[in-house]
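Undergrad: Chains as they are written, first to last, in the numbering used here: chain L, 96 to 641; chain B, 3 to 218; chain C, 4 to 102. Note that CB positions come from ideal geometry on N, CA and C, so glycine has one too. As the structure is a computational prediction, the values presented were derived from the model and not from experiment. Please see the structure below; I have some questions.
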Amino acid sequence: MSDTVIEAPEFAKVTASYLTDGFTLRSWLLTTDHKRIAVLYLGTITIFFFVGGAAAALMRYNLIVPEGMIGSAETYNRLFTMHGVVMVWFFLIPAVPVTLGNFIVPLMIGARDLAFPKLNLISWYLFVFAGLVALYSLFVGGVDTGWTFYTPLTSAYSKGHVVATAVAIIIAGFSSIATGLNFIVTIHRLRAPGMTWYRMPVFLWSLYATSVILVMATPVLAMTLLLLAFERIFHIGVFDPALGGDPLLFQHLFWFYSHPAVYVMILPGFGVISEIIPAFSRKRIFGYKFIVWCSIAIGVISFLVWGHHMFVAGTSLYSALVFSILSYMVAVPSAIKVFNWIGTMHKGFIRFDAPMLYALGFIGLFTMGGLTGLFVAALAADVHLTQTYFVVAHFHYVMVGGMVSAFFAGLHFWWPKITGRMYPEMWGRAGAVIIFIGFNLTFFPQFILGYLGMPRRYHSYPPEFQVLNVLSSAGATILAAGYLLPLGYMTWSLFYGKRASANPWGATGLEWQTSSPPLTENFVTTPTVTEPPYNYPPPEVVQHHV
Amino acid sequence: MSEASLTHEFQYSSARHQAETAISGMWLFLATEVLFFGALFLTWIYSRHWNQAGFDAGAQQTELAIGTINTVILVVSSFVYSAGVAFIEAGNSRRLIQCCAVAWALGVAFLILKFGIEWRDDFAKHLFPGPGFAVQGPLNGGARIFFVFYFLGTALHGLHMVGGLALVGWIILRARRGEFSPASYTPVIVVGLYWSFVDMVWIVLYPLIYLVGRGP
Amino acid sequence: MTPRFRRLWLTLVLLLVLLAIEFGVSFLPLDPSARPLVLIPAALMVGVVVTMFMEVGRGPEIIRLFAVAALLWLSILLGMGSLDLMTRIEYQVQASYPR
């Protein structure tokens with residue numbers, strides 16, 4: 096064995112890329128380049144992530160003592176509402192589609208841009224406008240009804256700024272419809288020659304399913320919030336039993352959107368993980384057709400289960416049974432994916448770079464969250480668990496442990512492609528581990544709290560729950576540190592990070608066949624696809640050096 | 003004009019590719035609109051279920067004649083616009099402009115009848131669901147909710163009509179500049195899809211408002 | 004007249020006939036819960052407009068997928084949304100307040 100140490104070459108600065116194609120503010124604010132729009136979105140949702148995170152920090156601070164540190168129930172109510180509204184509509188729903196999706200989709204399918212680039216820019220402006228309205232609502236006092244806006248609290252009693260917040264969400268909804276429409280049409284119509292449906296990476300199938308939900312569910316939300324605004328301002332009566340209305344109509348309409356919306360949040364995450372696991376196991380994905388059709392199945396079945404949010408609201412037992420059974424069905428495709436990811440890793444050549452650490456964390460945390468979803472999908476168990484911290488822990492496991500981890504995984508994975516720089520690897524791994532530890536410490540106690548009966552959305556609690564709450568708040572501090580860390584080292588890497596090659600991970604996929612960062616028009620010539628996706632060499636060929 | 007010489011945006015492989023994609027995009031957008039109005043239809047179902055007598059009593063106060071005439075107007079308007087599409091497909095830009103102008107005028111007639119005359123009469127008869135509502139007594143709640151649905155539904159439809167009129171007007175302007183030919187008339191099709199859709203929404207609203215609640 | 008225009012004229016006539024049928028049917032003495040059947044001619048009119056004016060049969064294949072999807076999702080919204088409504092048992096409430 097020779098003593099030669101092979102140094103990774105320092106890659107020369109790419110002279111031309113989408114980043115250097117115009118330095119004026121105008122070239123950024125009037126761009127129709129999907130890559131620049133993705134970067135604009137990334138900045139915007141990062142701001143909202145920390146706004147929502149600040150609200151969460153204050154909530155966990157309040158819950159350190161049984162009587163509530165902040166002392167005001169009203170303030171606490173406004174905090175958890177704004178946390179929910181901002182995190183759901185201004186972070187989780189857009190996150191992967193508008194940042195990673197916008198950037199990667201055209202590259203991955205071998206196109207020059209999305210089908211409707213101007214619509215893409217319009218969607219960003221709509222999002223920013225919506226965000227400004229939401230921030231306005233926040234600054235003038237926010238709203239105290241919970242992000243679920245149930246009537247009659249919202250329509251008749253709340254003193255908060257319900258209409259302003261509703262308007263912000265409606266506008267954000269139009270932004271996401273535009274994005275979803277763009278993706279669906281792009282994936283159908285702009286695939287490179289030779290890229291059949293079964294040659295598309297799973298990420299594209301996941302975004303397709305996500306987009307179906309976005310375009311079909313969000314319009315219902317728009318109408319629902321419109322009706323709510325009219326109910327509140329003009330007392331039209333559609334949700335008020337005293338005037339002949341039905342408060343459950345609001346809940347049906349709201350959850351018809353909001354349940355599929357949670358799959359909007361997680362499906363792109365599934366797609367990201369499906370790209371990372373094969374790349375860092377250097378192995379073809381296991382059960383490709385199962386995974387892609389499960390994504391579509393989740394997209395469709397997600398529309399059939401919304402009633403499980405209303406088990407104790409007064410719906411008929413018959414409909415509750417139907418929704419409960421369907422909720423069990425929707426878990427099956429997700430479980431199939433988990434098995435397939437594990438099957439991909441089996442006998443693979445696994446590397447524990449930061450994206451993979453996040454992905455592994457995702458698999459564990461998402462599985463926990465998904466399984467506990469089955470607890471609450473069971474009618475009898477839900478009677479005890481509903482509106483307790485058990486539900487809070489369940490959805491944070493899937494949305495934060497799952498989705499946010501997946502978002503960070505994808506961000507690290509595609510960071511070299513987007514910026515042309517490598518992030519510092521050890522910091523990346525440290526961040527992933529800190530987040531995993533902090534997350535579990537924050538949210539696992541909440542399962543126990545919920546089971547023991549601590550209700551959600553209460554600013555105070557019985558003293559016997561204090562220990563678990565303090566553990567949870569301590570975990571939140573660690574989690575916050577874990578989330579701030581990437582903000583630090585990723586920003587650092589923009590200026591001082593090692594320059595990246597076209598394919599630093601040795602991954603398959605058309606996006607890795609072009610420079611890092613890519614040219615404005617993505618490819619010098621339109622690529623032709625002849626191979627299946629994840630065309631890694633079979634594991635026997637890879638020699639494992641001890 | 004040969005197809006090869008037609009221009010197209012850089013992300014498309016040909017003009018035909020772009021044209022078909024634009025049409026696909028409009029169809030998908032219309033699918034989202036179906037869900038938007040669908041939520042309103044679910045509200046109709048719930049409202050009528052809980053207040054059937056009052057709801058139908060309210061429906062009987064609507065102006066059946068104007069509603070029916072308006073339905074005929076929109077159906078004819080959709081027909082005329084589709085004829086315009088057929089004309090430009092055959093190369094007759096002049097007839098396209100005439101058809102669009104007629105369709106546009108019919109749309110304006112609809113709006114005048116609906117908002118200028120019918121709504122005015124509804125207000126005069128105190129059918130606006132506010133203080134001083136005409137139907138009192140046990141049927142008050144249902145009739146009120148009916149008119150909430152009526153005013154909201156027709157207002158939303160009317161807004162979509164205004165958008166449609168702007169689009170049809172845009173087509174007329176472009177046609178007059180000679181921008182359409184048998185090889186290149188996709189915007190005409192795309193606007194026609196939207197126009198027919200707005201017609202379809204009315205075709206569903208019409209019985210929900212004027213017919214279901216009526217009976218011998 | 005070309006076949007295309009003949010089809011368009013026939014479509015207009017068909018739509019007006021369906022409208023007349025719908026109008027006529029609305030005068031039949033139907034039970035209040037059966038009144039929504041009046042919507043059947045309207046649904047047929049919608050189908051006619053989609054096929055003849057919007058030409059869903061022509062053009063790229065995905066427009067048919069989108070049209071079917073719209074119909075399917077509308078059915079889910081209206082169908083499963085009504086499921087609870089139609090199967091709820093109304094309990095009469097005896098309000099008694101302590102004096």
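Threshold first: 4 residues or longer. Then list the alpha helix (DSSP H) segments lying entirely within the stretch 74-137 of chain B, N to C.
TA: 95-113, 121-126
Undergrad: In chain L, which residues lie less than 9 Å from Y48 (chain B) when you measure between Cβ atoms?
TA: Residues of chain L passing the Cβ test: V333, G340, D341, L343, L344, H347.
Undergrad: Should A287 (chain L) be labelled buried (16 or more other beta-carbon atoms within 10 Å of its own) or exposed?
TA: buried
Undergrad: On the criterion of 16 or more Cβ atoms from any shown chain inside 10 Å, does Y358 (chain L) qualify as buried, or is it exposed?
TA: buried
Undergrad: Return no unless some Cβ of chain B is closer than 7 Å to the Cβ of L42 (chain C).
TA: yes
Undergrad: Would the stretch 55-73 of chain C and the stretch 380-399 of chain L be scored as touching if the rule is three or more Cβ pairs under 8 Å?
TA: no
Undergrad: Put R594 (chain L) into one of helix, strand or coil per three-state DSSP.
TA: R594 (chain L): strand per DSSP, three-state reduction.
Undergrad: State yes or no: is the C-beta of S414 (chain L) within less than 7 Å of the C-beta of L86 (chain C)?
TA: Against a cut-off of 7 Å, the Cβ pair of L86 (chain C) and S414 (chain L) comes out as a contact.
Undergrad: Measuring CB to CB, does P192 (chain L) end up less than 7 Å from T127 (chain L)?
TA: The answer is no: Cβ separation not under 7 Å.
Undergrad: Taking only beta-carbon positions, decide if Q13 (chain B) is within less than 7 Å of chain L.
TA: Residue-level contact by beta carbon holds for Q13 (chain B) and chain L, with a gap shorter than 7 Å.
Undergrad: Quick one: residues in its chain with C-beta nearer than 6 Å to the C-beta of R97 (chain B), no 5 flanking neighbours on either side, listed in chain order?
TA: F89
Undergrad: Count the other CB atoms, across all protein chains shown, that sit within 10 Å of the CB of I114 (chain B); report buried if there are 16 or more and exposed otherwise.
TA: exposed
Undergrad: Measuring only between beta-carbons, confirm whether N53 (chain B) sits less than 7 Å from chain L.
TA: yes
Undergrad: On the CB-based measure, 16 or more other CB atoms within 10 Å of its CB, does R179 (chain B) come out buried or exposed?
TA: With fewer than 16 other Cβ atoms from the protein chains shown falling within 10 Å of its own Cβ, R179 (chain B) counts as exposed.
Undergrad: Going straight from the alpha carbon of A177 (chain B) to that of T281 (chain L), what length do you get?
TA: 29 Å
Undergrad: Does the stretch 329-337 of chain L come within contact of the stretch 390-402 of chain L, defined as at least 3 CB pairs closer than 8 Å?
TA: no
Undergrad: Chain B partners of P39 (chain C), CB-CB under 8 Å?
TA: V214
Undergrad: Cβ closer than 8 Å: which chain L residues qualify as neighbours of I66 (chain C)?
TA: Simply none; closest approach about 10 Å.
Undergrad: Between the Cα of H347 (chain L) and the Cα atoms of L:L323, L:P189, L:F234, L:G366, which residue gives the shortest distance?
TA: L:L323
Undergrad: Comparing the C-beta of R61 (chain C) with each C-beta of chain L, is any distance below 7 Å?
TA: no
Undergrad: For S84 (chain C), would you say it is in contact with chain L, using Cβ-to-Cβ distances shorter than 7 Å as the test?
TA: Residue identity differs from the one stated: residue 84 (chain C) is Gly in this sequence, not Ser. Closer than 7 Å to some Cβ of chain L, the Cβ of G84 (chain C) qualifies, so yes.
Undergrad: Is the beta carbon of S218 (chain L) closer than 7 Å to that of S270 (chain L)?
TA: yes
Undergrad: According to DSSP, is F618 (chain L) helix, strand or coil?
TA: coil
Undergrad: Using a Cβ-Cβ cut-off of 7 Å, state whether F318 (chain L) counts as contacting chain B.
TA: Checking the displayed sequence, the identity of residue 318 (chain L) turns out to be Met instead of Phe. Look at M318 (chain L): its C-beta is under 7 Å from a C-beta on chain B.
Undergrad: Any beta-carbon of chain L closer than 7 Å to the one on I24 (chain C)?
TA: no
Undergrad: Would you grab the beta carbon distance between V367 (chain L) and F447 (chain L) for me? Rounded to a whole angstrom, and I think it's under 8 Å.
TA: The Cβ separation is near 17 Å, so there is no contact.
Undergrad: Can you name the residues of chain B whose CB is closer than 7 Å to the CB of V280 (chain L)?
TA: T23, S26, G27, L30
Undergrad: Which complete alpha helix (DSSP H) runs does the stretch 236-293 of chain L hold, if anything under 4 residues is left out?
TA: 257-284
Undergrad: Okay, do the stretch 113-120 of chain L and the stretch 521-534 of chain L touch, 3+ Cβ pairs below 8 Å being the bar?
TA: no
Undergrad: Indicate the three-state DSSP secondary structure (helix, strand or coil) for P550 (chain L) in the structure shown.
TA: strand
Undergrad: Less than 6 Å between C-beta atoms, sequence neighbours within five positions excluded: which residues of the same chain meet that for A168 (chain L)?
TA: Apart from sequence neighbours up to five positions away, the residues of its chain that approach A168 (chain L) with a beta-carbon distance below 6 Å are H554, ordered along the chain.
Undergrad: S588 (chain L) and R516 (chain L): beta carbons closer than 7 Å?
TA: Yes. Within cutoff.
Undergrad: Measuring CB to CB, does Y492 (chain L) end up less than 7 Å from L466 (chain L)?
TA: no
Undergrad: Where does the unbroken alpha helix (DSSP H) through P628 (chain L) begin, and where does it stop?
TA: Segment: none, P628 (chain L) is in no alpha helix (DSSP H) and carries neither H nor E.
Undergrad: Could you work out which residue in B:S16, B:A21, B:F153, B:L195 is closest to R122 (chain B) when comparing CA atoms only?
TA: B:F153
Undergrad: Here's the rule I'm using: 16 or more other beta-carbon atoms within 10 Å means buried, otherwise exposed. How should V96 (chain C) be labelled?
TA: exposed
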